[in-house]
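In the numbering used here, the protein residues as written are 13 to 406.
Note that beta-carbon positions come from the ideal geometry of N, C-alpha and C, so glycine has one too.
In what follows, a single structure is set out as structure tokens and then discussed.
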């Protein structure tokens, strides 16, 4: 009885617990899914020996029901719940290592469990596809069109997506207190550029704690680890830029410190897929492109903030050239970061609207301007200049 089999899987999972981190079972496919498909194969063989007609369709319907039950009861039902308790921490406590550690929600075993459920869902997805093909081979040709396990495959795909999202949210939330601390620091009072700021150290610590665990436990599903890296970066970088806009007002030296911090985070993000690994593997180009594009924008924002706002025309043209952003709200955020008075901002905003290039005929009216991205040579040159600036300050 398949219902009893699923119940036994649930009972076994509760009795034995999830695979433990640091063991061979860590992040591995749950053995119950292999048992389920072995049982399915026996049922299919026995049924096909008796009939390849309607009974096979009835059997397929039963298979579908219990594939969904397995996905819900064994996989989705055992994903740990995400809950953030970091809201009440103070700025001072955020920069202390102990409290920052407590901001991370999932334990190592919970991270391992999520990876195990993800790996199991991937196995089920691939095996369900094979099951559909086998059923179509064995059933009468006139009934082939009635065998469709796409819905069940979609269910396992959803489990995979939810698992990745949980991993992303956990690391994302662990970094939030540090970003909040960054945006509340008195950047106008910074008098010298030093080493990376404490909030950067905190973010890097969380990345170094979580990412190697996730990578090691998703060793058999490399493409989903890459997806995790991409989704985390797509979430973290815009959030970092939003918090950057909250750093106001900023002194020249404060902007230089933030530029150093941004470069440190960019370096860590570029290294994210192989961080803490003894095997140095080049990050996928698709991932590197996301990091470079997002963090270069953050660097450009700070370079504009550091630029003198007199003469206004030069400042506005430099902004348009560096950021390629025609949105007046973004421009005003930069003016706020510079600490300009509202009276100064009004004339600047008017000049900004006048200096915007006229969009070509037939353009969709969007606010993003088309400027070519920096070449690797230009990027390397900028980094060298930044490093010289840092050495000079140190």
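What does a CB cutoff of less than 6 Å around residue i pick up in its chain, not counting 5 residues either side in sequence?
i, result
"residue 299", "241, 242"
"residue 139", "49"
"residue 326", "none"
"residue 363", "324, 328"
"residue 224", "288"
"residue 269", "202, 205"
"residue 384", "At residue 384, the pLDDT of 41 sits below 50, so the modelled position is not reliable and the matter cannot be decided from this model."
Could you pull out every residue in the same chain whose Cβ sits closer than 7 Å to the Cβ of residue i, ignoring the five residues on either side in sequence?
i, result
"residue 152", "64, 65"
"residue 15", "none"
"residue 18", "78, 81, 82, 85"
"residue 51", "17"
"residue 135", "41, 45"
"residue 74", "14"
"residue 141", "165"
"residue 282", "295, 300, 303"
"residue 118", "92, 182"
"residue 247", "180, 184"
"residue 273", "208, 209, 212"
"residue 161", "76, 140, 143, 144"
Tell me, please, which residues DSSP counts as bridged to residue i.
i, result
"residue 121", "Beta-bridge pairing links residue 121 to no other residue."
What's the call for residue i, buried or exposed, on a 16-neighbour Cβ count within 10 Å?
i, result
"residue 347", "buried"
"residue 67", "exposed"
"residue 28", "exposed"
"residue 301", "exposed"
"residue 218", "buried"
"residue 373", "Note on residue 373: pLDDT 47, under 50, position unreliable in the model; the coordinate value appears next. So residue 373 ends up on the exposed side."
"residue 290", "exposed"
"residue 222", "buried"
"residue 94", "exposed"
"residue 285", "buried"
"residue 62", "exposed"
"residue 26", "exposed"
"residue 229", "buried"
"residue 109", "At residue 109, the pLDDT of 43 sits below 50, so the modelled position is not reliable; the number obtained from the coordinates is stated separately. With fewer than 16 other Cβ atoms within 10 Å, it is exposed."
"residue 198", "exposed"
"residue 377", "With a pLDDT of 45 at residue 377, under the threshold of 50, the predicted position of this residue should be treated as unreliable, though the coordinate-derived value follows. Label assigned to residue 377: exposed."
"residue 71", "buried"
Is residue i helix, strand or coil by DSSP?
i, result
"residue 156", "helix"
"residue 64", "coil"
"residue 83", "helix"
"residue 290", "coil"
"residue 388", "For residue 388, the predicted model reports a pLDDT of 45, less than 50, meaning its position is unreliable and no value from the coordinates is stated."
"residue 369", "coil"
"residue 151", "coil"
"residue 273", "helix"
"residue 41", "coil"
"residue 23", "helix"
"residue 128", "helix"
"residue 262", "coil"
"residue 296", "coil"
"residue 166", "helix"
"residue 94", "coil"
"residue 13", "coil"
"residue 348", "helix"
"residue 353", "coil"
"residue 285", "helix"
"residue 89", "helix"
"residue 71", "helix"
"residue 144", "helix"
"residue 320", "coil"
"residue 29", "coil"
"residue 363", "helix"
"residue 267", "helix"
"residue 48", "helix"
"residue 161", "coil"
Spatial neighbours of residue i within its chain, please: CB distance less than 8 Å, with the 5 preceding and 5 following residues excluded, ordered by chain position.
i, result
"residue 317", "262, 267, 346, 349, 350"
"residue 191", "211, 215, 251, 252, 255"
"residue 137", "165, 168, 169, 172"
"residue 126", "91, 92, 118, 175, 178, 179"
"residue 201", "263, 266"
"residue 123", "33, 179, 182, 222, 225, 226, 229"
"residue 69", "151, 155, 158, 159"
Please find out if some non-hydrogen atom of the ligand COA comes closer than 7 Å to the beta-carbon of residue i.
i, result
"residue 175", "Looking at this structure, you won't find the ligand COA or any other ligand, since it has none at all."
In chain order, which alpha helix (DSSP H) runs of at least 4 residues are fully inside the segment 175-255?
-> Within the segment 175-255, the runs of alpha helix (DSSP H) at least 4 residues long that lie entirely inside it are, in chain order, 210-229.
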